[in-house]
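Inspection log for the structure reproduced underneath, given as structure tokens.
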Amino acid sequence: MGDSSDSVSIDIDMVPLGGKECVVNTSKGSVSVLVCGDQGKPALITYPDVALNYMSCFQGLLFCSDAASLLLHNFCIYHIDAPGHELGADVISSDVPLLSVDDLADQVVEVLDFFGLKEVMCLGVTAGAYILTLFAMKYKERVLGLVLVSPICKVPSWTEWLYNKVLLNLLYFYGMCDVVKECLLQRYFSEELRSSMHVAESDIIQACRRLLDERQSSNVMRFLQAINERHDLTEGLKNLQCKTLIFVGDSSPFHAESVYMNAKMNRRSCALVEVQACGSLVTEEHPYAMITPIEFFLRGFGYYRQPHFNSSSSNDSNPTSPSNQSCIAPELLSPESLGIKLKPIKTRKKGIGKLYMYMAASDSRKFFECSGGEDRFGSFKTIPLYCMLPMSQQKKGIGKLCMYMAASDSGKFFECSGGEDRFGV
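Printed below as a string of structure tokens:
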């Protein structure tokens, strides 16, 4: 299985989620890929965190109706599992060489070559985010954009290295024991969720525990060891030009590293979304917090949410762009006319930056620029759609008023208080 070969073989079985599970044999060994959707559409590839697979890492996000109408409408999704992490995986033979993070990134490009994919969108979580970031650095022409959830980019700190070494020893001597499962749950989820008594939240934890019970401990060790021996990507981040959207929970053990990664990337092509009361696995713990930022991120590539109405056209037709809609005069939307006060809620750096604000009547899908006014952070200007972040949503009267604000240069974020909804439906 680990021998190099010029050929690639595939074994396909139907799986309950409606996709096709493909076992692709590459020069680095076999890898399981679940293909969901029309392969004629643009490709979105996913890569999960250590000890997880596509079901435990991404189903929370993809089972949201809004996310499904956005992602499945625009993409064919290729869920790539780390070697030996697929459902029902056998133990990888000890004769198979251990793979490095570079080997795993090279394995991804072989999967793309097999399916004939030239350019892809990428979605990865923590260890998977690292692999896809490394893949984007090595094969820049193959990546359109990155959506990274609680990503890591530096060599492990001494604390993380020692913690992972303890996990590796526990996995070796005791397998997937209760202690290992608790350590992994701390890696994935916030303390609020792990200690919550709510039934729905408890189901997430229980489902994850059941999945961990099915893991082959030696296979998990291989992926964890590769990640524990990773190298620093900081220098490469500066030259990474693809648009990137980073999510991180404020309770994630990788929060500081994700913020660091965002700071090292091009400010014009990277945006950071911090999710409150959430751990690393934002896709499962708070998937709804990801939908609107992803939607506006994808608008920068020309992708739109599937309409909620049926038309005489085929399903392959693209939704109408909001730029074709009529707009209310910008002067009617100034902070003064709306009675809006800007209140800083998080500050990263001191200095002068640009404050951006958009407002939308969500029922009519009309978008407006809030222009005019100055403060110590600069003038109101238009924010690129792929960097738009939702900070508050208000509902008064007939319609809904949504406000999106970000200070992309200074990293300062604001919320709105007061104001009226004058748009209607």
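Mapped onto full-length UniProt numbering, the consecutive letters of the sequence shown carry residue numbers 1 to 425. Even glycine gets a Cβ: it sits at the ideal position worked out from N, Cα and C.
Have a look at the options and flag the residue whose alpha-carbon is nearest the alpha-carbon of residue i.
i	options	result
residue 83	306, 216, 244 and 158	216
residue 114	57, 301, 35 and 74	35
residue 135	158, 149, 157 and 107	107
residue 266	223, 274, 162 and 246	246
residue 100	225, 238 and 273	225
residue 212	193, 251, 79 and 180	180
residue 28	64, 92 and 297	92
residue 109	24, 193 and 252	24
residue 262	219, 148 and 166	148
residue 294	87, 243, 140 and 218	243
residue 227	75, 152 and 63	152
residue 210	195, 96 and 176	176
residue 252	66, 102, 146 and 189	189
residue 150	63, 26, 248 and 268	248
residue 26	137, 64, 96 and 72	96
According to DSSP, simplified to helix, strand and coil, what is residue i?
i	result
residue 37	coil
residue 247	strand
residue 21	strand
residue 92	coil
residue 310	With a pLDDT of 39 at residue 310, under the threshold of 50, the predicted position of this residue should be treated as unreliable, though the coordinate-derived value follows. Coil, per DSSP.
residue 177	coil
residue 258	helix
residue 56	helix
residue 124	strand
residue 144	strand
residue 323	For residue 323, the pLDDT reaches just 32, beneath the cut-off of 50, and the residue's location in the model is therefore unreliable, leaving the point undetermined.
residue 303	coil
residue 211	helix
residue 185	helix
residue 281	coil
residue 193	helix
residue 44	strand
Need the endpoints of the beta strand (DSSP E) that residue i sits in, please.
i	result
residue 274	270-275
residue 130	Note, residue 130: premise wrong, no beta strand (DSSP E); alpha helix (DSSP H) at 127-138.
What span of residues does the alpha helix (DSSP H) with residue i cover, start to end?
i	result
residue 152	First-last for residue 152: undefined, no H or E at that position.
residue 68	65-74
residue 226	217-228
residue 51	Note, residue 51: premise wrong, no alpha helix (DSSP H); not H, not E.
residue 290	288-299
residue 236	234-237
residue 107	101-115
residue 267	Neither: residue 267 is in no alpha helix (DSSP H) and is coded neither H nor E.
How big is the Cα-Cα spacing for residue i and residue j?
i	j	result
residue 191	residue 116	42 Å
residue 270	residue 173	42 Å
residue 128	residue 59	15 Å
residue 130	residue 124	8 Å
residue 112	residue 118	7 Å
residue 186	residue 208	12 Å
residue 288	residue 204	15 Å
residue 258	residue 132	14 Å
residue 301	residue 241	14 Å
residue 170	residue 94	18 Å
residue 230	residue 49	14 Å
residue 19	residue 37	7 Å
residue 68	residue 277	24 Å
residue 238	residue 222	29 Å
residue 104	residue 193	31 Å
residue 142	residue 260	25 Å
residue 281	residue 183	14 Å
residue 426	residue 98	With the chain running from 1 to 425 in the structure shown, residue 426 is simply not present.
residue 40	residue 235	36 Å
residue 286	residue 45	21 Å
residue 219	residue 87	12 Å
residue 122	residue 137	13 Å
residue 154	residue 102	14 Å
Please report the Cβ distance between residue i and residue j, rounded to the nearest whole angstrom; I am assuming they are in contact, meaning their Cβ atoms lie under 8 Å.
i	j	result
residue 32	residue 21	6 Å
residue 292	residue 61	Not a contact, Cβ separation roughly 13 Å.
residue 53	residue 81	5 Å
residue 297	residue 126	Incorrect: roughly 19 Å between the Cβ atoms, too far for contact.
residue 70	residue 305	5 Å
residue 43	residue 78	6 Å
residue 250	residue 275	7 Å
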